[in-house]
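Notes follow the structure.
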């Protein structure tokens, strides 16, 4: 199945890609696609993106490895959180370190 994904890099650049994946990919298939992009093990983050639930994946230990802050991915993550918790100050929330990938369809269930 053709699956769109958006790569968000720390320098602000974005890359739209289409990859072939099964309809309901397992962890091994997700690792094969994502770990070369993320540069390490993946971590799933459910977010709201463009008005819908989306699967975003980030580097599992991006902070521990000292990866730079990803402003675009952090904004998506925080917007999702603030939708449910509008009184929380945004800068008190965690931020995303390293590249992130947002899928155009549900791949994590």
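Residue numbers (the numbering used here): 4 to 112. Using N, Cα and C, we set each Cβ at its ideal position, and we do this for glycine too.
* Asked: Do the region 30-41 and the region 72-92 meet, that is, are 3 or more Cβ pairs less than 8 Å apart?
  -> no
* Quick one: grab the DSSP three-state call for residue 57. => For this step, residue 57 is matched to residue 54 along the chain shown. Residue 57 falls in the strand class under three-state DSSP.
* Could you give the distance in angstroms between the alpha-carbon of residue 87 and the alpha-carbon of residue 42? -> By one-based count along the chain shown, residue 87 stands at place 84. By one-based count along the chain shown, residue 42 stands at place 39. Their Cα atoms are separated by approximately 31 Å.
* Asked: What separation, rounded to the nearest whole angstrom, lies between the Cα atoms of residue 85 and residue 57?
  -> Residue 85 sits at position 82 when you count from the first residue of the chain shown. Residue 57 sits at position 54 when you count from the first residue of the chain shown. Whole-angstrom Cα-Cα distance: 16 Å.
* My understanding is that residue 100 touches residue 72, with C-beta atoms under 8 Å, so please give their C-beta distance in whole angstroms. => If you number the chain shown from 1, residue 100 lands on position 97. If you number the chain shown from 1, residue 72 lands on position 69. With a Cβ gap of about 6 Å, residue 100 and residue 72 count as contacting.
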